[in-house]
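Undergrad:
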Amino acid sequence: MNYGNRISINDIDEPQETLMMSIAKADHISNNMAFDGHLSRNYITQNIDPHNERKYLEKTKEQSSSAAEPKAPLKYQPKWWFIIFLIFMLSVQSLHSGYGMGTWNRIGPMLRLKYGWTPGERKFYESFVTSFLIAGIVLGRFFGAWFVQKGRKTCLLTACFVGIVAIGIMMVQNIFLFIFGRLIYGFAAGTFNAVGGRYVEECSPPQYLSLFFTLYTFGVSLNRPAVVLGTMLLEKSKDPAVLIESDSWRSFILMPLIFSTICILGTILVVRYETPMYLVTKKRYDEARSAIKLMFSNDVDAEEILKYLKRNTSKETDKASFQSALVDPRYRIGTLITSSLALMLFFNGIFPITTFGADLFTAIYGDDYTYFDSQATLNIIAIADPASQLVAVFIVPLFSRRLFLIGGGLVIAVMNALVVFFDQANNNLAVTVTVVGLVIITSIVQEPVCQLYMQEVSSNSSLGIVHLCYFLSTFVLAAALPTVLAELGPSSIYGTCFIMSMVLVVIQFFFIKETSKLTDKEKKQLYFPAEYKSIIQNTQDDSSQTIDMDHSVSMSLRSFA
């Protein structure tokens, strides 16, 4: 074959229809494209029958028109062993935040005896122990929103290694190093929180997203049973002298090493790739094909899944800056909507239970309520929470997001009002039952759906800003809550939660939109002004068409080499 002269279509060892279709696509994008550095379109088309060329150009035009029409989501199946392992691995690593939150409830009484604090010193140091953990989560979550754009897998492994360093620091029996270690540990947990939910969202086939995400939130809720297991490693004696001499608190702190080890080995040996959606946004298509073959069943061709992801993955939102999330018309409404969901989680009344449960129940029952009584109540809550999350796995996929967000918010507001009512009536048992019921209701109808909705509609930057505000609020609350409980009692806290929950339910009734039937691109652009949607749609369609054409032409011309 002589490339320097005219080339006949009969000289090419490739089906004529495939080649001519590729030429037609190339003509649609550019009339001056050069193939393989030397071979131009003019050389190839010199001897093609004009009638055939027109026929294939018309056929290509029809295919382009049909491709532009809305398509139903492609239903491809996961490899079940892989997705179950992925959710297990991510859930285990997500235990860090909840385990860290529950740590002081369990080992605090022992360390108070070791340090010999006065009541004033106890209040001072404990405010730092809790607030520094939350400050670390704030920084980690904000940093993670930027870092996750550099790679989901990279962010995941970084969080694991930072967490291991933090555990080593906390092992030293020095209150200042312990507080500093809590800050670093919180940073690791916050960084991971930025990527865990996103990993699940981007690896789930559309029809299974609700199921897999609620499975993930169920796994995350196991942090409370994990705390209970850690408690079994602690000294059981009630003798203060024995507790002062015991080092069993170190065993409790070491337990998260298991979480990080599972995650590191699983990421390196099993998961191996970034998420397919992330690889598509970075145009790393060869890696995306390999990831698709690893994660998804062969029932649908990997090339079909890749094309679907190209059409329906939002590329712009993954690159949005923090400034854009606040002021850009495309993102600011979504940031505000996501903020309202974060506020709903903040005011659902769960934080005082999970972080200061022992102090809360002491405030309810008085000084007769001992440390061991509080541990028994917290153990009940630790079992009720994941059991409720497991129920959510079967319920959430059946109903709309709006129903859970609005209806669930209303029910939770009523539960907060009941806590106030029973506390004012001095019915302590009813308060405890209502608090446990609040945990159950929140775990079923609100927490998993709020987390899922925020992942669906938010850019990484928007989510980072929202969580920054959320954890800054919890930082302030953690510092103030012991004093508020001692001075004003539970009614003041849960009365505020009731009022704010009602306000947020009204806001969401008017502004929240349904997402359950939408593609990733449609979700990320759900709160875009209409004019921006059309501009981005046209740009991405042109980009996708160019990519598909390049792949088709390159495949057709391989036989020339």
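Start counting the sequence shown at 637; every next residue gets the next number (the working numbering). Every residue, glycine too, gets a C-beta built ideally from N, C-alpha and C.
1. By DSSP, does Pro714 sit in helix, in strand, or in coil?
2. Using a threshold of 7 Å, state whether the C-beta atoms of Glu923 and Leu930 are closer than that.
3. Do three or more CB pairs link the segment 1139 to 1150 to the segment 1062 to 1070 at distances below 8 Å?
4. For Phe932, which residues does DSSP report across the bridge?
5. Pop quiz: Asn948 and Thr1078 are said to be a contact at Cβ under 8 Å. What is the actual Cβ separation, rounded to whole angstroms?
6. Is the separation between the beta-carbon of Ile773 and that of Gly822 shorter than 7 Å?
7. Just to confirm before moving on: does the CB-CB distance between Ile1101 and Ala961 stay below 7 Å?
8. Judging by CA-CA distance, which residue of Ala1018, Phe987, Cys839, Gly738 is the nearest neighbour of Ser933?
9. In this structure, does DSSP put Leu1162 in helix, strand or coil?
10. Give the range of the alpha helix (DSSP H) segment to which Gly582 is assigned.
11. Kindly indicate which three-state DSSP category Lys786 falls into: helix, strand or coil?
12. Output needed for Gly776: all residues of its chain with C-beta closer than 6 Å, excluding positions within five of it in sequence on either side, in chain order.
13. Please report how far the alpha carbon of Gly756 lies from the alpha carbon of Arg748, in whole angstroms.
14. If distances are taken between C-alpha atoms only, which option among Leu1140, Ile723, Phe1164 comes closest to Val906?
15. Rounded to a whole number of angstroms, what is the C-alpha to C-alpha distance between Gln1060 and Cys791?
16. Can you have a look at Ala1166 and say buried or exposed, based on whether 16 or more other CB atoms are within 10 angstroms of its CB?
17. Determine, using beta carbons only, whether Phe997 and Thr1013 come nearer to each other than 7 Å.
18. Determine the closest residue to Asn984 out of Tyr852, Gly1045, Ile1019, with distance taken between C-alpha atoms.
19. How about Glu910 and Gly833: are their beta carbons less than 7 Å apart?
20. Rounded to whole angstroms, what's the CA-CA distance from Met868 to Lys759? Just pull it up for me.
21. I believe Ile1031 touches Val1075 by the beta-carbon criterion, under 8 Å. Please report the beta-carbon distance rounded to the nearest angstrom.
22. For Gly804, count neighbouring Cβ atoms within 10 angstroms of its own Cβ and tell me buried if that reaches 16, exposed if not.
23. Have a look at Ser730, Pro1126, Pro912 and flag the residue whose alpha-carbon is nearest the alpha-carbon of Ala938.
24. Please state whether DSSP places Thr911 in a helix, a strand or coil.
25. Using a C-beta cutoff of 7 Å, does Pro892 count as contacting chain D?
26. Taking all protein chains shown into account, do 16 or more other C-beta atoms lie within 10 angstroms of the C-beta of Phe814, making it buried, or fewer, making it exposed?
27. Can you have a look at Phe812 and say buried or exposed, based on whether 16 or more other CB atoms are within 10 angstroms of its CB?
28. If you measure between the beta carbons of Phe888 and Val728, is that distance less than 7 Å?
29. Given this structure, state the Cα-to-Cα distance separating Arg818 from Arg860, to the nearest angstrom.
30. Can you round the beta-carbon distance between Ser846 and Pro1022 to whole angstroms, since I take them to be within the 8 Å contact cut?
31. Under 8 Å by Cβ, that's how I've got Glu1083 and Leu981 pegged, so tell me the actual separation to the nearest angstrom.
32. Out of Phe987, Val1139, Gly780, Lys1153, state which residue places its alpha-carbon closest to the alpha-carbon of Ala1116.
33. Are Asn1015 and Val863 touching if we call contact CB-CB under 7 Å?
TA: Let me spell this out:
1. Annotated three-state conformation of Pro714 is strand, per DSSP.
2. Cβ atoms of Glu923 and Leu930: not closer than 7 Å.
3. Judged by Cβ distances under 8 Å, the segment 1139 to 1150 makes no contact with the segment 1062 to 1070, as fewer than three pairs qualify.
4. The partner list for Phe932 (beta bridge, DSSP) reads Pro714.
5. No, Asn948 and Thr1078 are not in contact; Cβ-Cβ is about 32 Å, not under 8 Å.
6. Yes, the Cβ-Cβ distance between Ile773 and Gly822 is below 7 Å.
7. Result yes, Cβ atoms of Ile1101 and Ala961 sit closer than 7 Å.
8. Cα-wise, what sits closest to Ser933 is Cys839.
9. Of the three classes helix, strand and coil, the one that applies to Leu1162 here is coil, per DSSP.
10. No statement about residue 582 is possible, as the shown extent of the chain runs from 637 to 1197 and does not include it.
11. Reduced to three states, the DSSP call for Lys786 is helix.
12. Sequence-distant Cβ neighbours of Gly776 in its own chain, meaning closer than 6 Å and more than five residues away, are Phe823, Gly826, Thr827.
13. CA-CA distance, Gly756 to Arg748, rounds to 12 Å.
14. Checking every option, the nearest Cα to that of Val906 belongs to Ile723.
15. Looking at the two C-alpha atoms, the distance is approximately 47 Å.
16. Here Ala1166 is exposed: its Cβ has fewer than 16 other Cβ atoms, across all protein chains shown, within 10 Å.
17. Between Phe997 and Thr1013, the C-beta gap is smaller than 7 Å, which places the two residues in contact.
18. The residue with the shortest Cα to Cα distance from Asn984 is Gly1045.
19. Going by C-beta atoms, Glu910 is not nearer than 7 Å to Gly833.
20. If I take the Cα positions, the gap works out to 27 Å.
21. Rounded, the Cβ-Cβ distance is 16 Å, inconsistent with contact.
22. Exposed, because fewer than 16 other Cβ atoms sit within 10 Å of the Cβ of Gly804.
23. Closest in alpha carbon position to Ala938, among Ser730, Pro1126, Pro912, is Pro912.
24. Note: Thr911 maps to coil in three-state DSSP.
25. No chain D appears in the structure shown, which is made up of a single protein chain.
26. Flag for Phe814 reads buried.
27. Exposed.
28. The criterion of a C-beta distance shorter than 7 Å is not satisfied by Phe888 and Val728.
29. Roughly 18 Å between the two C-alpha positions.
30. About 18 Å separates the beta carbons of Ser846 and Pro1022, which is beyond the 8 Å limit, so they are not a contact pair.
31. Contact check for Glu1083 and Leu981: beta-carbon distance about 7 Å, within the 8 Å limit, so the pair qualifies.
32. Of Phe987, Val1139, Gly780, Lys1153, the residue nearest in Cα terms is Phe987.
33. It is not a contact, given that the beta carbons lie outside the stated cut-off.
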